[in-house]
Amino acid sequence: MKVVNLSRNGAVKVRRDVKNLLEADCELLPKSFIPGEWIVLSDQKEKAAYLAYINLNADNEQSMIRVLSKIDGYIREKMHLQGSDLGSLKENEIGENYLKFAINAAIKRRNFFGEFEDDCMRLVYGDADKLPGLVIDKYCNIILVQINTEGIDRHRNIIQKTMALLYPENAVYFLDNAEERVKNGLPIWNDEYSWQNRVSKQHIMLKENGFKIIIDEAVIQKVGYYYDHRYNRHKFENMVKKISRKKIKCAKGLDLFTYAGSWGMHQLRAGVSHVDFVDQGKFSAVVEQNLMLNRYEGKGIFYRTDVYDFLDRRIEEKLKYDVITSDPPAFAKTVRNKEKAINGYLKLYEKIFQILESNAVLAVCSCTNYVSLEDLDFAVNEAFRRLKARDMVSSTGANSIQLVDIGMEGPDHPIASLGDKTHYLKYLLYILSE
Ligand SMILES: C[S@@+](CC[C@H](N)C(=O)[O-])C[C@H]1O[C@@H](n2cnc3c(N)ncnc32)[C@H](O)[C@@H]1O
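The structure is reproduced here in structure tokens:
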């Protein structure tokens, strides 16, 4: 295996836990590498070594060198590495060995939280599990794997075999994100394990907080399901039950950006009598099926439309709701667009506040990396303040809002600190009062 010396700057970055390096972060690189070749990065000053892989074909300069882990005593023991000459290790074997170790470690980390129903959860989450570009989601019936980096993609077969061995009851498929792969110079696979070539048209079946959820194979997004809000949805349901035990019995709910209907079904179980589900995607059959599966048929209507148009119509009709959940897609992909994203939330909440009853419950979510809990809370409060200043919430009679709960991603999306790049999910719960 090739050993590459880090430049002074590169070594500082790695010591600070930066995971993506540039060519310039290394001293003279050998002339050629196999795309995704595994290497040892050497920090000569600190006498430390790091396992990494390199792909000089990646379009995005930032993802050319991905650092996996420091090669310390723990890793040496787990991977059975002996001796001090890392250069003598076989590149291919190290890759396979590390993947098996890191996948098992990720699963063990999740098993600590024994309450995941039927093992339905995100088993591996990229950098958060020291496996850059690898996401694995486990459902009741299948396992979906997504790979976005060449270093991992070279060991596709090992990942397939490892998962099949660990979960013999589940079919394992690769659901690749073509756009991401092209960006990283990766081939588009079309083999027996590709999701598009599965033998039967399987739906995704999963369980969450006691709900059974089916997602039609034709409409799945991302790697299938948004497990990340599981704990927030659970907390939300309990809070709504608690806050409005009496009033909520005949309440009207709204689930914006619904996808498979999860937030809305939690509203129904909390006591809301009817929910409007809104999404621009083709999820009518999915939502109806999930309502039926959980015995809520007739308790909800799906509207396939743009959320902003829907809100404008409701404002015009003066139709109001007692409970609203809003779980939109990310509003910004770079830190440069942070202000734009905050303004996007502001615009959204200005509309939402106009259709809330005076004692309503509002849950807002954000999966935008660069928008913090404080930023999101600012957008909610600022929207309310602006409307009040224009006397536009007066028709609801709401005079104040109270923040009653906050949340983040669940433990199957591990983070070490709020400052981690892998921390992205936010949840805030408010009640309005007269
Ligand atoms: C983060 S996902 C929602 C996840 C979902 N709430 C859940 O709990 O599983 C965002 C959803 O917003 C939808 N969407 C994005 N922009 C939209 C828009 N302008 N109007 C309506 N739906 C939109 C997407 O189709 C997607 O289903």
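Counting from 47, one number per residue, gives the positions in the sequence shown under my numbering.
By construction, the Cβ of each residue, glycine as well, lies at the ideal position given by its N, Cα and C atoms.
- In the same chain as Leu449, and ignoring 5 residues on each side of it, the C-beta atoms closer than 7 Å to its own belong to Asp423, Leu474 and Tyr476, in chain order.
- When DSSP reads this structure, Val321 sits in a beta bridge with Gly299 and Gly346.
- Bounds of the beta strand (DSSP E) holding Gly453 are Ser446 to Gly453.
- Look at the beta carbons and you see the segment 296-307 touching the segment 359-373: at least three pairs across the two are nearer than 8 Å.
- Not one heavy atom of ligand 1 is found less than 8 Å from the C-beta of Gly453.
- By the C-beta criterion, the segment 346-358 is judged not to be in contact with the segment 272-291, since fewer than 3 inter-stretch pairs fall below 8 Å.
- In this structure, the beta-carbon distance from Val353 to Tyr391 does not fall below 9 Å.
- Here Lys258 is bridged, per DSSP, to Lys253.
- In this structure, the CA atom of Arg112 is about 14 Å from the CA atom of Arg200.
- Contact between Ile204 and Leu127 does not hold, since the beta-carbon distance rounds to 18 Å and is not under 8 Å.
- In this model, Asn255 and Glu163 are separated by some 8 Å (Cα to Cα).
- Here the distance from the Cβ of Thr304 to the nearest heavy atom of ligand 1 is below 8 Å.
- Pairing Ile234 with Ile250 gives a Cβ-Cβ distance that is not under 9 Å.
- At least one heavy atom of ligand 1 is found less than 8 Å from the C-beta of Asp301.
- The beta carbon of Arg279 sits closer than 7 Å to the beta carbons of Asn255, Ser308, Trp309 and His312 from its chain, once the five residues preceding and following it are set aside; these are given in chain order.
- When beta bridges are read from the DSSP output, Val181 appears opposite Tyr171 and Gln192.
- DSSP places Thr371 outside any alpha helix (DSSP H); the residue lies instead in the beta strand (DSSP E), whose first and last residues are Tyr367 to Ser372.
- In this structure, Gly133 sits near Lys48, with a CB-CB distance shorter than 9 Å.
- If you check the CB distance, Lys116 and Ala94 come in under 9 Å.
- Following the DSSP letters along the chain, one finds Leu419 inside the alpha helix (DSSP H) bounded by residues Leu419 to Ala435.
- In the structure shown, the three-state DSSP call for Ile121 is helix.
- Around the beta carbon of Ala70, fewer than 16 other beta carbons lie within 10 angstroms, which makes this residue exposed.
- Counting of Cβ neighbours within 10 angstroms places Leu365 among the exposed residues, the total staying below 16.
- Of all C-beta pairs linking the segment 155-175 to the segment 217-236, fewer than three are shorter than 8 Å, placing the two stretches out of contact.
- Contact fails between the segment 385-404 and the segment 454-468, because fewer than three Cβ pairs, one in each stretch, are under 8 Å apart.
- When the beta-carbon positions are compared, Lys247 and Asn336 stay at least 9 Å from each other.
- In this structure, Asn101 and Pro76 do not form a Cβ contact; the two beta carbons are roughly 14 Å apart against a cut-off of 8 Å.
- In this structure Asp262 does not touch Val170 by the C-beta definition: roughly 24 Å separates them, more than the 8 Å allowed.
- In this structure, Gly231 places its C-beta atom within 9 Å of the C-beta atom of Asn103.
- Not one heavy atom of ligand 1 lies closer than 8 Å to the C-beta of Val321.
- Following the DSSP letters along the chain, one finds Val86 inside the beta strand (DSSP E) bounded by residues Glu83 to Asp89.
- For Gly465, the closest of Gly56, Asp63, Ser53 and Ala57 by C-alpha to C-alpha distance is Asp63.
- Bounds of the beta strand (DSSP E) holding Val218 are Ala217 to Phe220.
- In this structure, Cys413 has its CB closer than 8 Å to one or more heavy atoms of ligand 1.
- Taken through DSSP and simplified to helix, strand or coil, Glu403 comes out as strand.
- Residue environment analysis places Tyr342 among the buried positions, since at least 16 neighbouring C-beta atoms fall within 10 angstroms of its C-beta.
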